[in-house]
Structure formats: structure tokens, C-alpha cells
Amino acid sequence: LPEAEARTIHQLLNGEVDHQLGNIYRDVGRRYILAFSIMAATVAAVPLPFATMPVLTAVQVSLVVLLGNLYGK
280 LPEAEARTIH
290 QLLNGEVDHQ
300 LGNIYRDVGR
310 RYILAFSIMA
320 ATVAAVPLPF
330 ATMPVLTAVQ
340 VSLVVLLGNL
350 YGK
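Plus 279 on top of the position in the sequence shown (first one is 1) and you've got my numbering.
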């Protein structure tokens with residue numbers, strides 16, 4: 280019985296830790312998204328029609344790669 284109790288407590292703690300880590304990942308991801316959104320909006324505000332497209336694409340790809348690295352994908 281003590282072994283089963285220890286296993287149950289360990290599972291509960293792991294679930295709580297996973298939940299807290301998920302919140303941390305979400306918060307960090309949102310900060311990255313906000314920063315990259317501001318960068319993309321700044322680049323898009325430049326009145327050069329096709330000159331900003333490669334830069335916007337690079338910013339968006341960088342964000343996707345960064346979020347992928349954050350979540351280990």
C-alpha cells in the first residue's frame with residue numbers, strides 16, 4: 280500500500296508540474312508572438328509594395344521556428 284500511495288502522489292505532482300509548465304510555455308509563446316507581431320506590423324507599415332514581402336516572410340518563418348523550438352518540435 281505505501282508503494283501505491285507514493286506512486287499516486289508522484290502522478291499527482293507530475294500532473295501539477297505539467298500544468299504549470301504548460302502555462303509557462305504558453306506565456307513565453309505569447310510574448311514571442313507579441314514581439315514578432317509588432318515587428319511584422321512595423322515592416323508592413325513601410326510603403327514599399329513588394330520590397331517588404333521577403334522581410335515579412337523571414338519574420339514569420341523565424342517566429343514559427345522559434346515556437347517550434349520552444350515546444351520541442
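Beta carbons: idealized from backbone N, C-alpha and C, even for Gly.
The beta-carbon distance between Tyr311 and Leu335, rounded to whole angstroms, is 16 Å. This is too long to meet the 8 Å contact definition. In the DSSP annotation of this structure, the continuous segment of the alpha helix (DSSP H) that includes Val334 starts and ends at 332-349. Closest in C-alpha terms to Val340, from the list Ser316, Arg305, Asn302, Ile303, comes Ser316.
The C-beta distance from Tyr304 to Leu349 rounds to 6 Å, short enough to fall under 8 Å. DSSP, reduced to helix, strand and coil, places Ala324 outside both helices and strands of the structure shown, so it counts as coil.
Nearest Cα to Ala337 within the set Pro328, Leu327, Gly351, Met318: Met318.
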